[in-house]
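Numbering (our numbering), first residue to last: 1098 to 1243.
Every residue, glycine too, gets a C-beta built ideally from N, C-alpha and C.
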């Protein structure tokens, strides 16, 4: 499953609606609302949690994934040492990370591409990616663009 920085993962594009997603991946295993009334779809087999923002006409705006099949620039990232993943990203010009620690987890946030590599015991366990906000302070939706 290819990660497309600033756009989404696999066939998912930021800006899709729920029916666009279910047309591709079928019915989710779980469907619920968070404390902000955003709609969350969970796909166990894909190991992905998708957030559709209430204030943005329920468009797909955030993806949390932990599938061992996740690829970034052709490299698998889940269960790999963070040092190796950061080295591979540095070769592609991605070097700026804000690091945050809590319990046994560490987050490595890259603001330019709006993603987080979450690690535990120095191995990547989760990847989170969000829709980019453009210069006009609006979401840069990728779905439906030519």
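Drop a sphere of 10 angstroms on the beta-carbon of residue 1178, count the other beta-carbons inside from all chains shown, and report buried for 16 or more, exposed for fewer.
In the chain shown, the residue the question calls residue 1178 occupies position 81. Exposed, since its Cβ has fewer than 16 Cβ neighbours within 10 Å.
Residue 1134: buried (16+ other C-beta within 10 angstroms of its C-beta) or exposed?
Position 37 of the chain shown, counted from the start, is the residue given in the question as residue 1134. Its Cβ having fewer than 16 others within 10 Å, residue 1134 is exposed.
Run through DSSP, which three-state label would residue 1121 get?
Locating residue 1121 in the chain shown gives position 24, where the first residue counts as 1. In this structure, residue 1121 counts as helix in the three-state DSSP scheme.
For the 8 Å Cβ check, are there 3 or more pairs between the region 1146 to 1160 and the region 1224 to 1235?
Because the criterion of three Cβ pairs below 8 Å is met, the region 1146 to 1160 and the region 1224 to 1235 touch.
What is the residue span of the alpha helix (DSSP H) that residue 1185 lies within?
Position 88 of the chain shown holds residue 1185. That run of the alpha helix (DSSP H) goes 1179 to 1187.
Could you spell out the range, first to last residue, of the beta strand (DSSP E) harbouring residue 1160?
Along the chain shown, one-based indexing puts residue 1160 at 63. From DSSP, the beta strand (DSSP E) with residue 1160 extends over 1156 to 1162.
Round the Cβ separation of residue 1204 and residue 1215 to the nearest angstrom and send it over; I've been treating them as touching at under 8 Å.
Here residue 1204 refers to the residue found at position 107 of the chain shown. Here residue 1215 refers to the residue found at position 118 of the chain shown. Right, their Cβ atoms sit about 5 Å apart.
Would you mind stating whether residue 1176 and residue 1220 have Cβ atoms separated by less than 8 Å?
The count along the chain shown starts at 1 and reaches residue 1176 at position 79. The count along the chain shown starts at 1 and reaches residue 1220 at position 123. A contact, by the Cβ cut-off of 8 Å.
On the CB-based measure, 16 or more other CB atoms within 10 Å of its CB, does residue 1146 come out buried or exposed?
Counting from 1 along the chain shown, the entry for residue 1146 is found at position 49. Looking at its Cβ environment, which holds 16 or more other Cβ atoms inside 10 Å, residue 1146 is buried.
I'd like to confirm the pairing. Which residues does DSSP put opposite residue 1099 in its beta bridges?
Indexing the chain shown from 1 puts residue 1099 at position 2. According to DSSP, residue 1099 bridges with 1168.
Just tell me which of 1125, 1140 and 1130 has its CA closest to the CA of residue 1152.
Position 55 of the chain shown holds residue 1152. Closest by alpha carbon: 1130.
Within the continuous beta strand (DSSP E) that includes residue 1143, where are the two ends?
In the chain shown, counting from the first residue as 1, residue 1143 sits at position 46. Looking at the DSSP string, residue 1143 is not in any beta strand (DSSP E), and its letter there is neither H nor E.
With the cut-off set at 8 Å, would you say residue 1223 and residue 1161 are in Cβ contact?
Residue 1223 sits at position 126 when you count from the first residue of the chain shown. Residue 1161 sits at position 64 when you count from the first residue of the chain shown. Going by C-beta atoms, residue 1223 is nearer than 8 Å to residue 1161.
Using 10 angstroms around the beta-carbon of residue 1259, count the other beta-carbons present and answer buried if the total reaches 16, otherwise exposed.
Because the chain is modelled from 1098 through 1243, residue 1259 falls outside the range shown and cannot be assessed.
Should residue 1166 and residue 1098 be called a contact, given that it needs their Cβ atoms to be closer than 8 Å?
Along the chain shown, read from residue 1 onward, the residue named residue 1166 stands at position 69. Along the chain shown, read from residue 1 onward, the residue named residue 1098 stands at position 1. Yes. Within cutoff.
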